[in-house]
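Peer 1:
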Amino acid sequence: MSAKRTFETLPRSGGGTGPSRPTLVTNERPIPPTGHVERNPGMPLDLDVVRSIRVNRSAVERRAATLPTRRTVKKEWQAAWLLRAITLMDLTTLSGDDTPGNVRRLCAKARRPVRQDILEALGAQDLGIRVGAVCVYHGLVPTAVDALRGSDIPVAAVSTGFPAGLSPFEQRLEEIHASVAAGAREIDIVITRAHVLTGNWSALYDEVKAFREACGDAHMKSILATGELATLTNVARASVVAMQAGSDFIKTSTGKEGVNATLPFGIVMTRMIREYFEATGYAVGFKPAGGIRTAKQSLEFLFLMKEELGRRWLEPDLFRFGASSLLTDIERQLEHFVTGRYAAAHRHPMP
Amino acid sequence: MTSVAEIFQTMDYGPAPESDKDANGWLTLHDRAFGHYINGEWTAPLDTFEVINPATKKVIARVSQGTTSDVNAAVAAAKAALPAWRALPGHARARWLYALARELQRNARLFAVIESMDNGKSIRETRDIDIPLVARHFYHHAGWAQLAATEFEGYTAVGVVGQIIPWNFPLLMLAWKVAPALAAGNTVIMKPAEFTPLTALLFAEICEKAGLPPGVLNIITGDGETGKAMVDHPDIDKIAFTGSTEVGRAIRKATAGSGKKLSLELGGKSPFIVYEDADLDSVVEGVVDAIWFNQGQVCCAGSRLLVQEGVADKLIAKLRARMETLRIGSPLDKAVDMGAIVAPVQLERIQQLVQQGQDEGATMWQPSWACPTDGYFYPPTLFTEVQPSSTIAQVEIFGPVMVTMTFRTPEESVALANNTPYGLAASIWTENINLALDIAPKIKSGVVWINATNLFDASAGFGGYRESGFGREGGREGMFEYLVPAWEREQGSAQRNGKHAAAKVAKKREARTTTGSPSDMPSLDRTPKLFIGGKQARPDSGYARKVFGADGAFIGEVGEGNRKDIRNAVEAAHAASKGWSKATGHARAQILYYIAENLSARRDEFAQRITSLSGASSRDALREVDASISRLFTYGAWADKYDGAVHNVPIRGVALAMNEPIGVMGLACPDEAPLLGFISLVAPAIAMGNTVVAIPSEQWPLAATDFYSVLDTSDLPGGVINIVTGPREALARVLAEHDDVEGIWYFGPQSGVKDVELASAVNMKRTWASKHARDWTDAAQGEGREFLREATQVKNIWVPYGE
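The listed protein sequences derive, respectively, from chains A and B. For the first sequence, this note's numbering assigns the number 1 to the initial residue and increments by one for each residue that follows. For the second sequence, this note's numbering assigns the number 1001 to the initial residue and increments by one for each residue that follows.
#1: Quick one, which of GLN1608(B), TRP1449(B), LEU1613(B) has its alpha-carbon nearest ASP1626(B)'s?
#2: Counting Cβ pairs closer than 8 Å, one from the stretch 1414-1425 of chain B and one from the stretch 1617-1636 of chain B, do we hit at least three?
#3: Quick check: the Cα distance between ILE292(A) and ALA85(A), rounded to an integer number of angstroms?
#4: According to DSSP, simplified to helix, strand and coil, what is MET1230(B)?
#5: If we ignore side chains and look at the alpha-carbon of each, how far apart do ALA1769(B) and LEU1676(B) end up?
#6: Any Cβ of chain B within less than 8 Å of the Cβ of ALA79(A)?
#7: Compute the Euclidean distance between the alpha carbons of HIS353(A) and ASN200(A), then round it to the nearest angstrom.
#8: Using only the alpha-carbon positions, how far apart do THR23(A) and PHE1111(B) sit?
#9: Against GLU307(A), what residues of chain B qualify as contacts under a CB-to-CB distance less than 8 Å, listed in chain order?
#10: With a Cβ-Cβ cutoff of 8 Å, do ILE1239(B) and LEU1262(B) count as a contact?
#11: Just to confirm, is the Cβ distance from SER1809(B) to ASN1568(B) under 8 Å?
#12: Check whether the stretch 51-68 of chain A touches the stretch 227-241 of chain A, taking contact to mean three or more Cβ pairs, one atom from each stretch, closer than 8 Å.
#13: Taking only the alpha-carbon atoms, compute the straight-line gap between PHE162(A) and ILE176(A) and give it to the nearest angstrom.
#14: With a cut-off of 8 Å on the beta carbons, I'd call LEU1716(B) and ILE1595(B) a contact; round off their distance for me.
#15: Could you spell out the range, first to last residue, of the alpha helix (DSSP H) harbouring PHE1747(B)?
#16: What separation, rounded to the nearest whole angstrom, lies between the Cα atoms of ASP329(A) and ALA295(A)?
#17: Do you know how far the Cα of PRO1727(B) is from the Cα of GLY1549(B)?
#18: Kindly say whether VAL55(A), judged by its beta-carbon, lies nearer than 8 Å to any beta-carbon of chain B.
#19: Using CA atoms only, rank isn't needed, just tell me which of ALA1583(B), GLY1120(B), VAL1287(B), VAL1649(B) is closest to ILE1328(B).
#20: Buried or exposed: MET350(A), going by 16 or more other Cβ atoms within 10 Å of its Cβ?
#21: Using DSSP's beta-bridge definition, name the partner residues of TYR1037(B).
#22: Mind listing the chain A neighbours of ILE1007(B)? Cutoff is C-beta to C-beta under 7 Å, in chain order.
#23: Measure how close the beta-carbons of LEU122(A) and LEU334(A) come, nearest whole angstrom, since I'm counting them as under 8 Å.
#24: Could you please tell me which residues of the stretch 1280-1304 of chain B, in chain order, have their CB closer than 7 Å to any CB of chain A?
#25: Using a C-beta cutoff of 8 Å, does LEU353(A) count as contacting chain B?
#26: Classify THR252(A): buried if its beta carbon has 16 or more other beta carbons within 10 angstroms, exposed otherwise.
#27: By the DSSP assignment, the alpha helix (DSSP H) with GLY1286(B) in it spans what residues?
#28: Counting only the same chain and skipping the five closest in sequence on each side, list residues whose C-beta sits under 6 Å from that of ARG1603(B).
#29: State the start and end residues of the unbroken beta strand (DSSP E) segment that holds GLN1308(B).
#30: Mind listing the chain A neighbours of ASN1451(B)? Cutoff is C-beta to C-beta under 9 Å, in chain order.
#31: So, helix, strand or coil for TRP201(A), using DSSP?
#32: So, is ASN1454(B) buried or exposed, given that buried needs 16 or more other C-beta atoms within 10 angstroms?
#33: Could you give the C-beta distance for LYS74(A) and ALA1184(B), rounded to a whole number, given that I count them as a contact under 8 Å?
#34: Extract the residue ranges of the alpha helix (DSSP H) inside the stretch 1437-1505 of chain B, only unbroken runs of 4 or more that lie entirely within it.
#35: Report, in whole angstroms, the separation of the C-beta atoms of LYS1253(B) and VAL1160(B), which I expect to be a contact under 8 Å.
#36: Starting from ASN260(A), trace the beta strand (DSSP E) both ways and give me its first and last residue.
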């Protein structure tokens, strides 16, 4: 990609103070700094890069099929990985019947996602286990902000005419402004799928870039709605355009499409994140969302991140799950690890 | 103990061991010592040797060294069981195979764990790849057993089959061999590799449990000496071998002239070709599956990475990064990518070749992490700056070592890909279907995977070209390896009853009276020369040989061909091969029909010639000419109809089984039926796109030399058929030894069969030297699919699709 930057030498552990630049070690993948990652400022649209992308679906699906069979974690490792999954979760409710009541309940769960006795049994009571964010519609942002006050858990708002993204452009921009003003620190925008399906990459770029500007300091996750993009090559190209336009995260789905977060989508998007990082030095995050309901699925996505992007992408600034019922399944697995007995959902406080 | 809190920070993978409890329980039950499984019974462990787990270097069992008397006992048992087994209705054999498949699945995990302990390969591979494929093979072949009577009508089981398999896929190779053999009605003596005998023994147990009739399957453990006893055994009708080209060659030599049917699946140095428009990230995973699958101990491993120059640096960087994330360790750990090398001897070979590669100037790269030291481990290794002349670019390493070369153009990629004595498999990576389907047929290999690698299925044949062996395993083509035409067996039993069919044919001929010269005029002197490259050529020797008729009368002279004439003819055949092999079936048919038409115009003349040569009555001679014309029509008909198949493989995609010509073939024609015998060999060979060097009937070559004037007038491109007259045995030997001749058919005296088969081992060319005399006028024996199969080799091209 044209905005290639030169890499500096690898800082020793810790990364010092302040934002540091990514680093390149000879013959190894460059890795982002341990500490604060500089936001992706985007770059001019580079159509040469976009159009040269090729994705072989069958090969990607083979990789997806074997990834969960090549990696597994057991016992303490599984418990630790599941705790990690919780901290990477955007605990989400996006229903037409959301009310302040159920959102407050969700926020309370976000603060204390795992029963204290289980945390103590795991020796994890001091790890500060809490979810990555709470994700709601604009109308419930104030409720969530209020309910999470003091917890440092950010509120994410889905925006820009979620889920279809077809409301008037000015209204979509205004929606971002309104959510940011209401206290949302993260904005999950949706792209216009038509731009992808018609190959109108410059329109997609302009749209996402405008959204990013509207977000200001709020971090922007670009939802590609991969299940509606027809091909994996389209998913890859849309990923790259969204990153060139300045996305902080790229996200698979709204959860409302027929097909949502799958490993093949995850493979394609993480590979594009890697390409973008290697070309520009900016680390972009990934958020699979929709359909991730089981602890096992969450582990598969963690394996994907670790394998394709490395350990650094297992932190909440670079990886999130969008999930609603996932947490309960993880709690049950943790309890099983602690007690050796299979657990029941009703014994865990509902979100 | 690592705490949850610590792991939460490191996010390391922990141990994820698969339990070896049941496997050890099974071994303990047998006191970790095994005998052979012969005639449905277990022999006591005797003269045992150690079986080592290569990941721990610990002895896990002892198995018996099979002796000649063990082999004799097993062969006797198999022979005794054969008549009943072969006579079973297909449905009954289908039930047995189905039962074995079910039994395998019920014990799937036990097989997987034992396989991993025995071989050192990861439990992921044995659990997800080896064992499911094994079950799949038995199910698939239960189906062939069910359909055998209708789908292989006119064919029958070969008989007693000896099977020798390697250590890299112990149970899978057993399945590839045992399933088709039993489905076709053969009885089997199977010898697993000495490093990895355990799953075969467990398999014998499930056969016993399933109640398979005694003697149908016998398992003998042991080393190469045991295998040799099998290869040399006179009552074994077929040897099926998978292993090194070196041993395969020795088996070819040992069985030469014995009449044993042979299939060999040998080594490879398979190309993995990456074009600039490929999905490079997927290519990286493809390389992982190609050369780091089973630690690279895979005969069809893509071990030569050929990359288009413009994307080479990018791909290498990606590969190195990926290699860093590969995990190597205890094969029973469910989260490792690579396990152990099978044995120290193999590890030493890998180390030695890697050292040699560096010594010869190639750049070696390995990931920064270290291998465990408690077993025989070797890290994934990538060579760059490799030239085709490097040792590591030529020899099969059989380890996790990839060598990289670059190319500039698709044409150059094909040249590099084919620049090897092997021809087992190839992998082609491009998003351009035009390129992929253009390249696939140009690669000399039995299997081609497009944008994929190491895909296997029971429905698609697997096997090589060139020194990677011959014969196919899997699919319809694989079944034919375990079948023979039924008439051959009938003739075989007739022979045993003292009624030698060939003698009968000859006697019939003798009884015929000759009618004398058809013309009283002195014949005009004709000087038949050799026919090379579409031109008449004087023999290099400058000598002629006299030809006498059956009645002893001098008829004429033909050129005395020698090795230089063969050399010239092979060169001419190669020159013609490129165009002829690509000519459409329709175009080849047109020429065959035209030859028939021109022969028909000279029907009487040829009949007279036959009469003067063989002494056949004019009626019989006319019949031979007419049969020859009909035969040319038969293959004209077949030329555009011997279609391949689209296999129903379990992927979203197709496996295209293409019948490809073998290339340049040598044909040693029978003495009897001087015209028909010649045409019966030449016509199917050229119909399928081969170019040929034919040695006509040594005794009566003039019918063939007359024939080249027919060819001259039939638009046949020069060099497609070359005719060299002379001493058949000596000339056939030159052809059999020729490294650039890819197949040879020999229909001469039995004494010559051995010479040809022996000599063919130099480049492992396909030989077809029928031990049975044929009645060339009988269509069942003299023409048809058997000839077409022998004139072609099947290439399976796997094409996954989906955007």
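All C-beta atoms, glycine included, are put in the ideal place defined by N, C-alpha and C.
Peer 2: Reading off the structure:
#1: GLN1608(B)
#2: no
#3: 12 Å
#4: helix
#5: 18 Å
#6: yes
#7: This structure cannot speak to residue 353(A), because chain A is shown only from 1 to 351.
#8: For THR23(A), the predicted structure reports a pLDDT of 43, less than 50, and the residue's modelled location is therefore unreliable. A value from the coordinates is still provided. Roughly 47 Å between the two C-alpha positions.
#9: THR1325
#10: yes
#11: Since the displayed chain B opens at 1001 and closes at 1803, residue 1809(B) lies outside it and no answer follows.
#12: yes
#13: 11 Å
#14: 7 Å
#15: Taken as a continuous stretch (DSSP letters only), PHE1747(B) belongs to no alpha helix (DSSP H), as it is neither H nor E.
#16: 6 Å
#17: 17 Å
#18: yes
#19: GLY1120(B)
#20: exposed
#21: TRP1042(B), ILE1219(B)
#22: GLU76, TRP77, ALA80
#23: 7 Å
#24: ASP1281, SER1282, GLU1285, GLY1286
#25: No answer is possible for residue 353(A): it lies beyond the span of chain A, which begins at 1 and ends at 351.
#26: buried
#27: 1280-1291
#28: VAL1625
#29: 1302-1308
#30: ASN56, SER58, ALA59
#31: helix
#32: buried
#33: That belief does not hold up - the Cβ atoms of LYS74(A) and ALA1184(B) are roughly 45 Å apart, past 8 Å.
#34: 1475-1479, 1486-1496
#35: Their Cβ separation, rounded to whole angstroms, is 21 Å, which puts LYS1253(B) and VAL1160(B) out of contact at 8 Å.
#36: First-last for ASN260(A): undefined, no H or E at that position.
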